[in-house]
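Q: Position one of the sequence shown corresponds to residue 31 (our numbering), numbered consecutively onward.
Note that CB positions come from ideal geometry on N, CA and C, so glycine has one too.
Quick caveat, the model's predicted, so the values are computed rather than measured.
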Amino acid sequence: MRHNKKFNHLGRTASHRSAMLANMACSLIKHKRITTTLAKAKALKKYVEPLITKSKNDTTNSRRVVFSYLQDKYAVTELFKEVAVKVGDRPGGYTRIIKLGSRMSDAAPMAFIELVDYNENMAKTAKKATRTRRSKKSAAAAPAVEAPATEAPAAEEAQAE
């Protein structure tokens, strides 16, 4: 039985799986987006997000811990210099998985996995302040109140004559 066995073995030995995830994490950090199968993307998300959290604290020890996982000094440098600065205020959820459909050859479900803050198309942009209906009604009501006030002196002049 598989009780409390929560992570996906991906059909590989432990050493092959750790090497594959380390290589995929380095590629994700360097290129900011990679295409892979959905199962690998989900496993990579669990692998790389704690490393990004660790990179927010730039100390010698955290660099050594991250390097023990990645084994690529260029990826570690990029993670600590660029990625950690960009995600510094984000409390988690550094990656996004977007499903692409199935692969032609073997119908495996494919997906993008990308770093959230690096996709300008998905970034939330500040909207311009637009008027609501309520503000249009109040703007329309203001001249209506002023119009009887200007007519009142004309009515008084007509009565005086």
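#1: Determine contact between the segment 52-60 and the segment 105-113, defined as no fewer than three beta-carbon pairs at a distance below 8 Å.
#2: Name, in chain order, the residues that DSSP records as bridge partners for Ala49.
#3: What whole-angstrom Cβ distance do Gly123 and Val146 have, given they're in contact under 8 Å?
#4: Going by Cα to Cα distance, which pick from Met140, Ser45, Val113 and Met152 is closest to Thr65?
#5: Could you tell me if Glu150 is buried or exposed, where buried requires 16 or more neighbouring beta carbons within 10 angstroms of its beta carbon?
#6: Within 10 angstroms of its Cβ, does Ala138 collect 16 or more other Cβ (buried), or is it exposed?
#7: Could you check the C-alpha separation between Leu51 and Arg93 for me, to the nearest Å?
#8: Could you tell me the distance, in whole angstroms, from the CA atom of Lys76 to the CA atom of Met54?
#9: Ignoring anything shorter than 3 residues or poking outside the segment 54-120, list the beta strand (DSSP E) runs there in chain order.
#10: Measuring straight from C-alpha to C-alpha, what distance separates Ala44 and Asn38?
#11: Given a cut-off of 7 Å on the beta-carbon distance, is the pair Phe110 and Ser132 in contact?
#12: So is Ala153 buried or exposed if we call it buried at 16+ other beta carbons inside 10 Å?
#13: Kindly give me the distance between the Cβ atoms of Ile82 and Val113, rounded to whole angstroms, as I take these residues to be in contact under 8 Å.
#14: Where does Ala137 sit, in a helix, a strand or coil, going by DSSP?
A: On the basis of the coordinates in this document:
#1: yes
#2: Stepping through the sequence shown from its first residue, residue 49 is reached at position 19. According to DSSP, Ala49 shares a beta bridge with no other residue.
#3: The residue labelled residue 123 in the question sits at position 93 within the sequence shown. The residue labelled residue 146 in the question sits at position 116 within the sequence shown. Right, the Cβ-Cβ distance comes to about 7 Å (below 8 Å), so this counts as a contact.
#4: Numbered from 1 along the sequence shown, position 35 holds the residue referred to as residue 65. Ranking Met140, Ser45, Val113 and Met152 by CA distance to the CA of Thr65 puts Met140 first.
#5: Taking the first residue of the sequence shown as position 1, residue 150 is located at position 120. By the neighbour-count rule (16 or more Cβ atoms within 10 Å), Glu150 is not buried but exposed.
#6: Counting from one through the sequence shown, the residue named residue 138 turns up at place 108. By the neighbour-count rule (16 or more Cβ atoms within 10 Å), Ala138 is not buried but exposed.
#7: Mapped onto the sequence shown, residue 51 falls at position 21. Mapped onto the sequence shown, residue 93 falls at position 63. Answer to the nearest angstrom: the Cα atoms are 18 Å apart.
#8: The sequence position of residue 76 within the sequence shown is 46, counting from 1. The sequence position of residue 54 within the sequence shown is 24, counting from 1. Those two C-alpha atoms are separated by around 12 Å.
#9: If we require 3 residues or more, the beta strand (DSSP E) runs fully inside the segment 54-120 come out as 63-67.
#10: Here residue 44 corresponds to residue number 14 of the sequence shown, with the count starting at 1. Here residue 38 corresponds to residue number 8 of the sequence shown, with the count starting at 1. The straight-line gap from Cα to Cα measures roughly 11 Å.
#11: Counting from 1 along the sequence shown, the entry for residue 110 is found at position 80. Counting from 1 along the sequence shown, the entry for residue 132 is found at position 102. Their beta carbons are not under 7 Å apart, which means Phe110 does not touch Ser132 by this criterion.
#12: Here residue 153 corresponds to residue number 123 of the sequence shown, with the count starting at 1. Result: exposed.
#13: Counted from its first residue, the sequence shown places residue 82 at position 52. Counted from its first residue, the sequence shown places residue 113 at position 83. With 8 Å as the limit, Ile82 and Val113 qualify as a contact, their Cβ atoms being about 6 Å apart.
#14: Working through the sequence shown from its first residue, we reach residue 137 at position 107. Reduced to three states, the DSSP call for Ala137 is coil.
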